[in-house]
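S.K.: There's a structure below that I have some questions on.
Numbering (UniProt numbering), first residue to last: 1 to 154.
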């Protein structure tokens with residue numbers, strides 16, 4: 001299975017376009033996609049993006065909800081009104097629209113970060129700050145688990 005791995009920062013050109021990293025683009029093209037589905041993250045200043053199958057995966061989750069429940073309405077609104085499609089041009093670029101800029105703070109550069117079955121688009125400094133926080137949390141968790149193992153607590 002192809003996975004979106006690693007991170008790459010690319011510059012937005014004078015026409016407001018940015019190249020999707022070649023590795024990410026090859027995964028998208030192998031799946032036969034010519035556009036991306038993007039959704040504003042609920043908890044991060046980033047967009048989650050992938051092929052239209054990403055939306056299909058979310059829609060399947062929505063189908064399991066009671067269609068008359070507020071949760072179903074909220075999920076549908078989030079997926080369909082707060083998400084959108086981004087067209088890939090022949091050179092593998094997307095146009096950086098207000099949809100991307102408003103939520104992420106992206107201005108001149110975009111960091112594309114792998115997230116296994118999809119990828120994220122970040123403003124580079126926010127990506128680096130988040131990356132540092134994640135590493136710190138994981139190091140602290142590892143330290144606590146090692147301490148528990150040394151003292152026999154589990």
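No residue lacks a Cβ here, since even glycine has one placed at the ideal position from N, Cα and C.
Measuring alpha carbon to alpha carbon, tell me which residue in 137, 97, 68 and 108 is nearest residue 88.
M.R.: 97
S.K.: What's the C-alpha gap between residue 142 and residue 90?
M.R.: 45 angstroms
S.K.: So residue 65 is in the alpha helix (DSSP H); what residue range does that whole segment cover?
M.R.: DSSP places residue 65 outside any alpha helix (DSSP H), giving it a letter other than H or E.
S.K.: Which of the three DSSP states, helix, strand or coil, is assigned to residue 31?
M.R.: Three-state result, residue 31: coil.
S.K.: By Cβ distance, which residues of its chain are closer than 8 angstroms to residue 49, with the 5 residues on each side in sequence left out?
M.R.: These residues qualify, in order along the chain: 36, 37, 38, 39, 86, 118, 119, 120 and 121.
S.K.: Taking just the CA atoms, how far does residue 108 sit from residue 2?
M.R.: Inter-residue distance for residue 2 and residue 108 is about 29 angstroms (C-alpha atoms, whole angstroms).
S.K.: Could you compute how far the alpha carbon of residue 24 sits from the alpha carbon of residue 4?
M.R.: 6 angstroms
S.K.: Go through its chain and collect everything with a Cβ distance to residue 71's Cβ below 6 angstroms, but skip five positions before and after it.
M.R.: 65
S.K.: Compute the distance between the beta-carbons of residue 47 and residue 130, then report whether it is under 8 angstroms.
M.R.: no
S.K.: May I ask you to report which of helix, strand or coil DSSP gives residue 72?
M.R.: helix
S.K.: Measuring only the C-alpha atoms, how far is residue 57 from residue 11?
M.R.: 30 angstroms
S.K.: Between residue 76 and the rest of its own chain, which residues show a CB-CB distance below 8 angstroms, the 5 nearest in sequence each way excluded?
M.R.: Scanning its chain for C-beta atoms nearer than 8 angstroms, with the 5 sequence neighbours on each side dropped, one finds around residue 76 the residues 62, in chain order.
S.K.: What are the residues that DSSP puts in a beta bridge with residue 111?
M.R.: DSSP output for residue 111 lists 9 and 122 as bridge partner(s).
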